[in-house]
């Protein structure tokens, strides 16, 4: 019961290095799964945040940004199949990108004109894909994948009434869509309706990508179990390492 707890949200040079090396570090990892990732993003978005911008496209674009944020994070768990280099996309990227969308849509509606025509799609794709999320990407092929996502997710086609936009269309006919403009509860309901486990095809990967993911997870699990075994020798007649784990 004798311990000290140090909570911090940013790097500091005031903390003794020796104490830090002997401490137990606890960090927040992104949730595993598209649904849980979207749920976490919207847990910090209030109705006041959504009402801050009067542009009719703002609320759907917040959902699109949340979906994009979840996808780029989910691809990381597939190793080299997802990204050539693992990138630490985090909430800061999402928050600043959300502020960029708010700012530019606010300027667009202040300038007048049709709502869809006034949206600076090229500017948003560049700032989000090249500056914010793309600022972490060092591999040229990964950057191509990132910008392709934004080309597919940001555009006037999001509001095409004759050919509705879908993030994903499954082989069984199931779809993932952008909810219609409405209060925060509309988007929460859409998120809760998503399946807990998604196919890699939702992220633009082959369905067999799950094989490498589960194989790597299984190896890691058994490696951790082996590391938990005692390192001392046993007397004659004692349990073997394999029997101890079992």
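Residue numbers (the numbering used here): 189 to 434. We treat Cβ as the ideally placed atom computed from N, Cα and C, and that holds for glycine.
The alpha helix (DSSP H) enclosing residue i, as first and last residue numbers
i           : result
residue 290 : 279-298
residue 365 : Looking at the DSSP string, residue 365 is not in any alpha helix (DSSP H); the run it does join, the beta strand (DSSP E), is 363-365.
residue 374 : 372-380
residue 257 : 246-262
residue 276 : Element bounds for residue 276: n/a, residue is neither H nor E.
residue 309 : 309-314
residue 414 : 397-415
residue 176 : With the chain covering 189 to 434 only, the question about residue 176 has no answer from this structure.
residue 225 : 222-231
Within 8 Å, strictly: CB atoms of residue i and residue j
i           : j           : result
residue 285 : residue 307 : no
residue 282 : residue 253 : yes
residue 242 : residue 297 : yes
residue 269 : residue 393 : yes
residue 391 : residue 227 : no
Through-space distance from residue j to residue i, alpha-carbon basis
i           : j           : result
residue 273 : residue 327 : 7 Å
residue 251 : residue 219 : 17 Å
residue 323 : residue 418 : 44 Å
residue 355 : residue 214 : 34 Å
residue 208 : residue 192 : 12 Å
residue 365 : residue 409 : 35 Å
residue 330 : residue 363 : 26 Å
residue 340 : residue 313 : 10 Å
residue 236 : residue 373 : 13 Å
residue 319 : residue 198 : 21 Å
residue 402 : residue 358 : 22 Å
residue 234 : residue 287 : 14 Å
residue 232 : residue 194 : 24 Å
residue 349 : residue 217 : 38 Å
residue 360 : residue 351 : 19 Å
residue 406 : residue 416 : 16 Å
residue 256 : residue 381 : 18 Å
residue 332 : residue 338 : 10 Å
Own chain, CB closer than 7 Å to residue i, minus 5 neighbours either side, in chain order
i           : result
residue 230 : 254, 375, 376 and 379
residue 267 : 400 and 404
residue 311 : 292
residue 166 : Missing from the structure shown is residue 166; the chain here goes from 189 to 434 and no further.
residue 240 : 290
residue 388 : 266, 394, 395, 397 and 398
Beta-carbon contacts of residue i that lie in its chain and below 8 Å, excluding the five residues immediately before and after
i           : result
residue 304 : Bear in mind that a pLDDT of 49 at residue 304, under 50, signals an unreliable position, so the number given afterwards is only what the model happens to contain. Result list for residue 304: 245, 344 and 347, in chain order.
residue 334 : 260, 317, 321, 322 and 325
residue 383 : 223
residue 211 : 194
Spatial neighbours of residue i in its chain, beta-carbon cut-off 6 Å, leaving aside the 5 residues before and after
i           : result
residue 386 : 222
residue 258 : 222, 225 and 226
residue 309 : 342 and 343
For residue i, the first and last residue of its enclosing beta strand (DSSP E)
i           : result
residue 357 : 354-357
Determine contact between the stretch 363-373 and the stretch 227-246, defined as no fewer than three beta-carbon pairs at a distance below 8 Å. yes
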